[in-house]
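Chemist: Sharing a structure below in structure tokens format, with a few things to ask.
There are 2 protein chains.
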Amino acid sequence: MRTAFHEELDAIQATLVTMGEMVAVAVVRSTEALLKADIKLAESVIADDEKLDTIQHDLEARAINLMARQQPVAQDLRILVTSLRMSADLERMGDLCHHVAKLARMRYPNVSVPAELIPTIEEMGATAVKIINKSTHVVKTQDLQAAIEIETDDDEMDKLHRALFVALLDDSWSHGIETAIDMTLLGRYYERCADHAVSIARRVYFLVKGEYASESQPAL
Amino acid sequence: MRTAFHEELDAIQATLVTMGEMVAVAVVRSTEALLKADIKLAESVIADDEKLDTIQHDLEARAINLMARQQPVAQDLRILVTSLRMSADLERMGDLCHHVAKLARMRYPNVSVPAELIPTIEEMGATAVKIINKSTHVVKTQDLQAAIEIETDDDEMDKLHRALFVALLDDSWSHGIETAIDMTLLGRYYERCADHAVSIARRVYFLVKGEYASESQPAL
């Protein structure tokens, strides 16, 4: 039988899963807004970010309230503290999608991304979504094998990030400084978004195993 | 008379102050390493970042241990949870100094920053240090007037950040794409570092007053 405490803990975990799903949608939509110069979609991502902030504040209040009322110790306390950190990661990931959408809006009606970089940015978005979905799955199921896989998925993101810089630095780059600045910031938004998802998976791994899977600690 | 609990809470606060002081030193030293292409200084900032990480992990362990043993409620619990968040901010600020130092090392023996941008970057470093020192003072003294001033100091940082972009986008820019990318990332490191310090001051304000000073919530 689950105690009332564990039901509340499950509810907090369910909220983290919801936040993860919302962030994945935000990455998909902000990337589409960016690559299609879809201003309405960009505006909706910007508006949705506030919903994520509200959910995070509510989650934090519930977690602190649960600590105060139930005075958990040991693993239960660690789960609650880790939930607070994961919700901060997810909130920040939402901010980064917001930044992507703002770039789409700033360059509208033009497409921010030069045609030859669209496949790279598209793949960065898809890789971020893959990592976020997997980290959400890890939060939901404590699947440690998936948590380990995320490290490899993140290597893909690093590879795409390097490919982006190679394109910017190629002699054939003809899009000027402003677009190079946009692409530099964009690359960083996707990479940081993936970093936070990697942190979430590492935190779950640490909670279950009491140690990190690799030499690396959460990237936050 | 202070209870044992409050002595431990004071010790955690003192550690946050130490971390703030270490981060301010890291900004000064990484900026000097960058502007003078001082590889030894850059290496020492990179090495010192590990010390900050170790202090943060130790602080977290102490905070969680204190929660488990003393089962604080209400304000004491909120202070502990907020301390965990502030230590995460400080740890991330250390990472950003690490990034600045790595840029200095990557471009060594050249100076990463073109001569005409040295004053702007110098001022970004000085403004970051000013904001960090003030946020450390706020943590130490709960001086809410200083917490409010930090918002204005942060406007200075935003102004410098915009000035940096104006220089990069000026027709006279002659340093190519690679340096423009470096300056874009550098500007973001300083700005994010200041953002985290602003968050710390806002968190203290919220702890004391139960509400935020402005419409804005912590930037983390």
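These protein sequence lines map, in sequence, to chains A and B. Per the working numbering: the first sequence = residues 230 to 449. Per the working numbering: the second sequence = residues 230 to 449. Note that beta-carbon positions come from the ideal geometry of N, C-alpha and C, so glycine has one too. Predicted model only: the values in this text are computed from it and were never measured.
Who are the neighbours of Ala303 (chain B) on chain A, taking C-beta pairs under 8 Å?
Modeler: Ala297
Chemist: Residues of chain B with CB under 7 Å from Leu398 (chain A), in chain order?
Modeler: Ile406 and Glu407
Chemist: Which residues of the region 411-429 of chain A have a Cβ closer than 8 Å to any Cβ of chain B? Give them in chain order.
Modeler: Thr413, Leu414 and Arg417
Chemist: For Glu237 (chain A), which residues of its own chain have a beta-carbon under 6 Å away from its beta-carbon, when the five flanking residues on both sides are left out?
Modeler: Leu295
Chemist: Mind reading off the beta-carbon distance from Leu397 (chain A) to Ile406 (chain B)? Whole number of angstroms is fine, and I expect it under 8 Å.
Modeler: 6 Å
Chemist: So does the region 301-320 of chain A actually touch the region 329-338 of chain B, counting three or more Cβ pairs closer than 8 Å?
Modeler: At 8 Å Cβ cutoff, the stretches do not touch.
Chemist: From the beta carbon of Leu306 (chain A), is the nearest beta carbon of chain B less than 9 Å away?
Modeler: yes
Chemist: Look up Pro348 (chain B) in the DSSP assignment and say whether it is helix, strand or coil.
Modeler: helix
Chemist: Exposed or buried, Ser364 (chain B), counting other C-beta atoms within 10 Å across all chains shown (16 or more means buried)?
Modeler: buried
Chemist: By how many angstroms is the C-alpha of Leu325 (chain A) removed from the C-alpha of Ala392 (chain A)?
Modeler: 21 Å
Chemist: Closest to Tyr434 (chain A) by CA distance: which of A:Ile410, A:Tyr419, A:Gln371 and A:Asp424 is it?
Modeler: A:Gln371
Chemist: So, are the CB atoms of Asp287 (chain B) and Phe234 (chain B) less than 9 Å apart?
Modeler: no
Chemist: I need the straight-line Cα distance from Glu289 (chain A) to Arg307 (chain B), nearest angstrom please.
Modeler: In this structure, the straight-line span from the alpha carbon of Glu289 (chain A) to that of Arg307 (chain B) is close to 11 Å.
Chemist: So is Ala262 (chain A) buried or exposed if we call it buried at 16+ other beta carbons inside 10 Å?
Modeler: By the neighbour-count criterion, in which a residue is buried when 16 or more other Cβ atoms sit within 10 angstroms of its Cβ, Ala262 (chain A) is buried.
Chemist: May I have the straight-line CA-CA distance separating Gln285 (chain B) from Leu281 (chain A), to the nearest angstrom?
Modeler: 27 Å
Chemist: Would you check if the distance between the CB atom of Asp278 (chain B) and the CB atom of Ala255 (chain B) is smaller than 9 Å?
Modeler: yes
Chemist: Going by beta carbon distance, what residues of the same chain come within less than 7 Å of Asp382 (chain B), once the five residues before and after it are set aside?
Modeler: Within the same chain, Asp382 (chain B) has close Cβ partners Thr356, Lys359, Ile360 and Lys363.
Chemist: In this structure, does DSSP put Asn362 (chain A) in helix, strand or coil?
Modeler: helix
Chemist: In the DSSP assignment, find the unbroken alpha helix (DSSP H) run with Ala430 (chain A) in it and report its ends.
Modeler: Gly405 to Lys438
Chemist: Closest Cβ-Cβ distance between Phe394 (chain B) and chain A: below 9 Å?
Modeler: yes
Chemist: Are there 16 or more other CB atoms within 10 angstroms of the CB of Ala292 (chain B), so buried, or fewer, so exposed?
Modeler: buried
Chemist: Grouping DSSP H, G and I as helix and E and B as strand, with all else coil, what is Val254 (chain B)?
Modeler: helix
Chemist: Just to confirm, is the Cβ distance from Thr413 (chain B) to Ala409 (chain A) under 9 Å?
Modeler: yes
Chemist: Where does Val368 (chain A) fall in DSSP's three states?
Modeler: helix
Chemist: So what does DSSP say about Leu449 (chain B), is it helix, strand or coil?
Modeler: Any answer about Leu449 (chain B) is weak, because its pLDDT of 45 lies below 50 and its placement is not dependable; what the coordinates show is given next. Looking at Leu449 (chain B) - three-state DSSP - the assignment turns out to be coil, as it is neither helix nor strand.
Chemist: Please report the distance separating the alpha-carbon of Glu420 (chain B) from that of Leu270 (chain B).
Modeler: Each residue's alpha carbon lies about 22 Å from the other.
Chemist: Would you list, in chain order, the members of the region 314-345 of chain A that have their beta-carbon closer than 9 Å to a beta-carbon of chain B?
Modeler: Arg314, Ala317, Glu320, Arg321 and Asp324
Chemist: Does Gln242 (chain B) come within less than 9 Å of chain A when only Cβ atoms are used?
Modeler: no
Chemist: Measuring straight from C-alpha to C-alpha, what distance separates Ile377 (chain B) and Val427 (chain B)?
Modeler: 10 Å
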